[in-house]
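*Asks:* Heads up: the sequence shown begins at 207 in the working numbering, then just goes up one per residue.
Even glycine gets a Cβ: it sits at the ideal position worked out from N, Cα and C.
Could you have a look at this structure, given as structure tokens, before my questions?
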Amino acid sequence: MRILVVEDEKEIADGIRAILFKAGYEVDVLFDGITGLTYIRQGNYDLVLLDIMLPGLDGFGVLSKVREEGIDIPIILLTARVMTHDKIKGLDMGADDYLTKPFDAGELLARIRARIRKLHPDNMDRGRVKAFDLTLDSSNYKLLCNDKEIKLSNKEYQLIEYLMINKEIILTREQISAKVWGLEDESEYNSVDVYISFLRKKMKFLRSKAEIITKKGVGYSLEGHD
Ligand code: CA
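Shown next as structure tokens:
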């Protein structure tokens with residue numbers, strides 16, 4: 207899961223990044239509305255935490271553009287203001303939820319989980335993703351199958367999660383790279399192939415009947431039987 211945080215107060219942004227990273231999410235942080243809008247349009251995020259008071263284009267401006275353009279990504283607004291008027295305005299404009307600063311880590315994570323569960327109700331259940339005979343546990347970065355389990359690195363975790371949520375769908379290497387490596391400079395398509403091979407070895411160790419299939423010249427998909 208990759209979350210975009212648009213928040214100009216650096217301390218708050220860093221705090222949110224740390225909380226989300228510890229909970230197993232990939233996080234990119236941007237500090238202004240125009241750049242935020244540009245990245246939301248690229249479509250590589252599962253959820254956006256959007257501050258209202260931003261330099262340039264404010265959170266309401268970003269939100270209205272995004273919804274006008276028919277982008278239905280979940281957006282949780284962040285604001286220091288406790289005014290009911292703002293809350294109603296945000297929800298009317300198509301925000302999914304609302305958090306008033308300061309909020310604690312537990313509340314933030316609960317709101318995010320609730321939104322993500324709505325997106326993927328079929329194969330997500332309390333921090334666990336299931337596909338075929340595989341179960342992914344977000345609380346400890348473990349992949350489980352039958353009665354075996356194996357620990358995953360952060361990138362392996364992000365990659366198999368993306369494949370499991372989109373099982374039987376071909377994902378291009380560009381999509382995978384953007385989702386797992388995001389804004390990181392070292393993002394390279396060949397890391398995708400390397401990490402796919404790590405995952406295949408781990409799935410073999412687990413004796414999973416699911417398989418990551420290579421679609422030549424296109425990308426990868428997770429296939430198997432339920
Ligand atoms: Ca702000």
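Examine the Cβ distances between the region 357-374 and the region 392-411 and report whether three or more of them are shorter than 8 Å.
*Replies:* Output reads yes: the region 392-411 touches the region 357-374.
*Asks:* Who sits around ligand 1, taking every residue whose Cβ is closer than 6 Å to one of its heavy atoms?
*Replies:* Spelled out in chain order, the answer is D214, E215, D257, M259 and L260.
*Asks:* Whose CA, out of Y426, G276, F227 and G262, lies closest to the CA of T241?
*Replies:* The shortest C-alpha separation from T241 is found at G262.
*Asks:* Would you call the region 234-251 and the region 372-379 touching, i.e. three or more CB-CB distances under 8 Å?
*Replies:* Counting Cβ pairs under 8 Å, fewer than three are found: no touch.
*Asks:* Could you give the uninterrupted runs of the beta strand (DSSP E) lying entirely in the region 235-301, keeping only those of 3 residues or more?
*Replies:* Within the region 235-301, the complete beta strand (DSSP E) runs of at least 3 residues are 253-257 and 281-285.
*Asks:* Assuming I218 is part of the alpha helix (DSSP H), what are its boundary residues?
*Replies:* From DSSP, the alpha helix (DSSP H) with I218 extends over K216 to K228.
*Asks:* Please report the distance separating the alpha-carbon of I322 from that of D302.
*Replies:* One C-alpha to the other measures close to 11 Å.
*Asks:* I'd like to know if the region 260-279 and the region 308-315 are in contact, where contact means that at least 3 CB-CB pairs between them fall below 8 Å.
*Replies:* Counting Cβ pairs under 8 Å, fewer than three are found: no touch.
*Asks:* Output yes if chain B places a C-beta closer than 7 Å to the C-beta of T420; else output no.
*Replies:* In the structure shown, chain B does not exist; there is a single protein chain.
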